[in-house]
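**Q**
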Amino acid sequence: MMTPMTPKKKKKTAPKRPKPIYLDCAATSRQKPPQVLKALVDFAQNVGVSHGRGAYRAAIESNELVFGTRSALAKLFHIQRMDRILFTKNITEAINIALKGYLKPGDHVVLSGLEHNAVIRPLNKLKAERGIEYTIVPANATGRLNPYDFEEAFKPNTKLVCLTHASNVIGTLTPVAEVGALCAKKNIAFLVDTAQTAGVVPIDMQAMNIDFLAFTGHKSLLGAPGTGGLAVSAKRDLDSLIEGGTGSNSDKEEQPTQWPDKFESGTQNYWGLAALRAGVEYLLKNGVQSVFRKEEALTQRFLSQAEKIKGVKTYGLLSGVTGGRVGVVSLNVEGMDPSELAYELDEKYGIMVRSGLHCAPLAHKAIGTYPIGTVRFSFGPYNTDVEVEKALKALREISQKV
Ligand SMILES: Cc1ncc(COP(=O)(O)O)c(C=O)c1O
């Protein structure tokens, strides 16, 4: 008997995805120098133990890693005292330690209208719980801030000024040195959020009169997620946010008072610190200025052409204004929701960008894009001119169809 013939099934081939282009460097640096990955794996494979706890050889190598990381950061940011560099899991935690460890009931805080939720949310909690009050200094539609507006906002009970070094929505740099000088004159503590500038813009904690320098390891410092920190000037004291084992003063049931132990309870992220140290050493060797120049060239190339595309609206400083921004550009395509645009860029062109409010509703209020938000393109040292041109081509095609 003959068996009935079964029709041959056609093999379905998945549609070919375009080669991915990562333009979300403001969120995190996806590509790392090979030295960073090697350092992480080397530490994990060959050392892999905690610091400050044991006397055996590997534990001493771990001590060396922690010391070396602080030392590299001190060089990069011109930090006076290494014992005042506190490691955290990211900049959000660093900012929380500064705000919650420093502010007392009744204190007044001045902050810019470009701050991230990492600043405004803990401040609102402190407002509810400790009765602190704050004043927001508004930015104009290009993200520019006038340092004298900060001085105007000072009150007799102003204890702290919070300022992001660059907007994570439109990239505009802020007048950190000028505001720092005003704070120093009045002995007001100065907290700077360097999430978008550490590793891209030179930062001098002493010359800029910064009291609390908060940084994150996974963005332009080229390290791993789960690392960050807070550098504190010798002028300021802080309460700890958590207490526990530090490997020091173990005979005492109270938290040690010496820095950094007071703030670094529990086992640290050594794998992440190994990556962070390698990232910072890479930047020290190659120069932060060269990263800035590379990102500025890519940004200018992108922005100067994006501005000319019919139906595209860019926000922030216009192209041609050099030296005033980092590699972060926000735009919208008329008639299109930002999330729709970001989806199409990814789906059809393999271009990864971020849409929405970027955890910075204040900045979107300043530029007039709240609550819809924008699509953010952000460039890093590994991006190329070819990738910028591909992004522009995609934008042209999409905006023509709308
Ligand atoms: C200006 C600014 N502050 C704070 C943060 C929070 O960074 P992290 O998630 O590393 O704590 C970011 C990152 O998105 C940022 O851009």
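Residue numbers (numbering that gives the first Met the number 0): 0 to 401.
Where is the CB? At the ideal position from N, CA and C, for every residue including glycine.
With a CB to CB cut of under 8 Å and the five nearest residues on each side skipped, what residues in its chain are close to Gln288?
**A** Here residue 288 refers to the residue found at position 289 of the sequence shown. Taken in chain order, the residues that qualify are Pro201.
**Q** Would you say Gly216 lies against chain B (beta-carbon separation less than 8 Å)?
**A** Chain labels in this structure do not include chain B; a single protein chain is all it has.
**Q** Are there 16 or more other CB atoms within 10 angstroms of the CB of Asn139, so buried, or fewer, so exposed?
**A** For the purposes of this step, residue 139 is identified with residue 140 of the sequence shown, where counting begins at 1. Classification of Asn139: exposed, given that the 10 Å Cβ count is below 16.
**Q** Which parts of the segment 86-173 are runs of the beta strand (DSSP E), unbroken and 3 residues or longer, counting only runs that do not cross its ends?
**A** Here the runs fully enclosed are 107-111, 132-136, 157-163.
**Q** To the nearest angstrom, report how far apart Asp336 and Tyr369 are at their CA atoms.
**A** Mapped onto the sequence shown, residue 336 falls at position 337. Mapped onto the sequence shown, residue 369 falls at position 370. Asp336 and Tyr369: Cα-Cα distance of roughly 13 Å.
**Q** If you reduce the DSSP assignment to three classes, tell me which class Val178 lands in.
**A** The sequence position of residue 178 within the sequence shown is 179, counting from 1. Reduced to three states, the DSSP call for Val178 is helix.
**Q** Can you grab the Cα-Cα spacing for the pair Tyr381 / Phe153, in whole Å?
**A** Here residue 381 refers to the residue found at position 382 when the sequence shown is read from its first residue. Here residue 153 refers to the residue found at position 154 when the sequence shown is read from its first residue. Cα to Cα, the separation comes out at about 42 Å.
**Q** With burial defined as no fewer than 16 other Cβ atoms inside 10 Å of the residue's Cβ, what is the status of Asn89: buried or exposed?
**A** The residue labelled residue 89 in the question sits at position 90 within the sequence shown. Result: buried.
**Q** Helix, strand or coil for Asp192, going by three-state DSSP, please let me know.
**A** Along the sequence shown, read from residue 1 onward, the residue named residue 192 stands at position 193. In this structure, Asp192 counts as strand in the three-state DSSP scheme.
**Q** Could you give the distance in angstroms between the alpha-carbon of Cys182 and the alpha-carbon of Pro32?
**A** Residue mapping note: residue 182 aligns to position 183 of the sequence shown, counting from 1. Residue mapping note: residue 32 aligns to position 33 of the sequence shown, counting from 1. Distance between the alpha carbons of Cys182 and Pro32 is about 37 Å.
**Q** Looking only at DSSP bridge pairs, what is Lys312 linked to?
**A** For the purposes of this step, residue 312 is taken as the residue at position 313 of the sequence shown. Answer is Asn331, bridged to Lys312.
**Q** Below 8 Å on the Cβ atoms is my guess for Thr373 versus Val168; work out the distance and round it to an integer in Å.
**A** Reading the sequence shown from its first residue, position 374 is the one you call residue 373. Reading the sequence shown from its first residue, position 169 is the one you call residue 168. Between Val168 and Thr373 the Cβ distance is about 7 Å, and since that is below 8 Å, they are a contact.
**Q** Reducing DSSP to helix, strand and coil, say where Leu229 ends up.
**A** Here residue 229 is taken as the residue at index 230 of the sequence shown, counted from 1. If DSSP states are grouped into helix, strand and coil, Leu229 belongs with the strands.
**Q** Apart from the five residues on each side of it in sequence, which residues of its chain come closer than 6 Å, Cβ to Cβ, to Pro19?
**A** Counting from 1 along the sequence shown, the entry for residue 19 is found at position 20. Excluding residues within five positions, the ones whose Cβ falls inside 6 Å are Gly349.
**Q** Which residues bound the beta strand (DSSP E) around Phe376?
**A** The sequence position of residue 376 within the sequence shown is 377, counting from 1. It spans 373-377 - the beta strand (DSSP E) in which Phe376 sits, taken as one unbroken run.
**Q** Could you work out which residue in Ile241, Ala341, Gly216 is closest to Asn268 when comparing CA atoms only?
**A** In the sequence shown, the residue the question calls residue 268 occupies position 269. If we check each option's Cα against that of Asn268, Gly216 comes out closest.
**Q** Contact between the segment 254-274 and the segment 77-84: three or more CB pairs below 8 Å?
**A** The answer is yes - the segment 77-84 touches the segment 254-274, with three or more Cβ pairs under 8 Å.
**Q** Let me know the secondary structure DSSP gives Leu220 once reduced to three states.
**A** By 1-based counting over the sequence shown, the position of residue 220 is 221. Residue state, collapsed to three classes: coil.
**Q** Please confirm whether Gly323 and Leu162 have their CB atoms less than 8 Å apart.
**A** To locate residue 323, count along the sequence shown from 1; it is residue 324. To locate residue 162, count along the sequence shown from 1; it is residue 163. It is not a contact, given that the beta carbons lie outside the stated cut-off.
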